[in-house]
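Under my numbering, the first residue of the sequence shown is numbered 28, with each subsequent residue one higher.
Here's the structure we're looking at; comments come further down.
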Amino acid sequence: MTSTQAHAETVRTRRRQRPATETVTSAIGLFLVALVVLWLGINLVKDWSTFVELTFSGLARGSIYALVALGYTLVYGILELINFAHGDVFMIGGMVTATVVINIFELDSKPSFGSLLPVILISLAAAMIVCGLLNATIERVAYKPLRGAPRLVPLITAIGVAFIIENVAFIWKGP
């Protein structure tokens, strides 16, 4: 018997001999998933319009969380630094978008889709430009001079930059 065959046989015997705790854990997990699916089904039948509204709201919120997490992952992968200011830059982007939509375009309460599409595109472009310039400034002023420093120094700097951006937002729009 070759070593590959012996390894395959060992894997097969391990699969057959699942510990009882693993089986119980899987059963409890499946039971909880079944309860959640049942609860979702009951709520769908009870009030489907609220269910659909909350589903889209949850998808939008989850997409924002995923976007922020992706940004954290990309920044850490490239700079090997946890940038605590990343979420605050994202907040500034939202504030810029809201400012452009409210103050520059002065939309009424029920705009048509034809008038809304250019507003959305222009406000998002403005937010992307501002956030890009803000990130480039932060990198050049705060992080680049600390390239050779010990790992704790850029981490503390990232926390400080986050506090600075939060205070700028408080001064700009208030609490």
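Glycine included, each C-beta is placed from N, C-alpha and C at the ideal position.
Predicted model, so just to flag it, every value in this text is computed and none were measured.
Just measuring C-alpha positions, the residue of ALA125, VAL195 and GLU107 sitting nearest ARG178 is GLU107.
Counting only the Cα atoms, ARG167 lies some 11 Å from ARG174. Taking the Cβ atoms as the reference, PHE117 lies roughly 6 Å from VAL95, within the contact range of under 8 Å. Of the residues assessed, TYR170 falls on the buried side of the cut-off, its CB having 16 or more other CB atoms within 10 angstroms. The DSSP-derived three-state label of LYS171 is helix. Proximity of the segment 120 to 132 to the segment 154 to 164 meets the contact definition, three or more beta-carbon pairs being nearer than 8 Å. Counting along the chain, GLU193 sits inside the alpha helix (DSSP H) bounded by residues 179 to 200. DSSP places ILE129 outside any alpha helix (DSSP H), giving it a letter other than H or E.
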